[in-house]
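What follows is a short report on a single structure.
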Amino acid sequence: METLKQTAIAAISQLPNTANIDDIIVVLYQIRQEKEADPYAKPVSCYDLAKNYIGCIEGPQDLSTNKAYMEGFGL
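What follows is the structure, encoded as structure tokens:
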């Protein structure tokens, strides 16, 4: 599967040498519209966004196991 960057580079490289920044913006906008309309595009989960940060700080493994940590949250 082609990445967004590869798609953009391929589309921009097909523009004539006389293309200006407005032409490039139009191409990028068209790619964006196509990607948003893609029903098979894989959604990104919260886990995918945060996985590099999971475990990067120290603390209890699970705050919910100690009821003292849950005071004030309706429990």
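So for the sequence shown, my numbering puts the first residue at 1; every next one is plus one.
C-beta atoms are modelled at their ideal positions from N, C-alpha and C, and glycine is treated no differently.
What does the alpha-carbon distance come out to for the pair D23 and C56?
Taking the sequence shown and counting its residues from 1, the one referred to as residue 23 is at position 23. Taking the sequence shown and counting its residues from 1, the one referred to as residue 56 is at position 56. Cα to Cα, D23 sits roughly 43 Å from C56.
Quick check on T3: does DSSP put it in helix, strand or coil?
The residue you call residue 3 lines up with position 3 of the sequence shown. Coil at T3, not helix or strand.
From K42 to K35, what does the alpha carbon distance come to, in whole angstroms?
Here residue 42 refers to the residue found at position 42 when the sequence shown is read from its first residue. Here residue 35 refers to the residue found at position 35 when the sequence shown is read from its first residue. Put simply, the backbone Cα of K42 is about 10 Å away from that of K35.
Give the range of the alpha helix (DSSP H) segment to which Q30 is assigned.
Position 30 of the sequence shown, counting from 1, holds the residue named residue 30. I21 to A37 is the extent of the alpha helix (DSSP H) around Q30.
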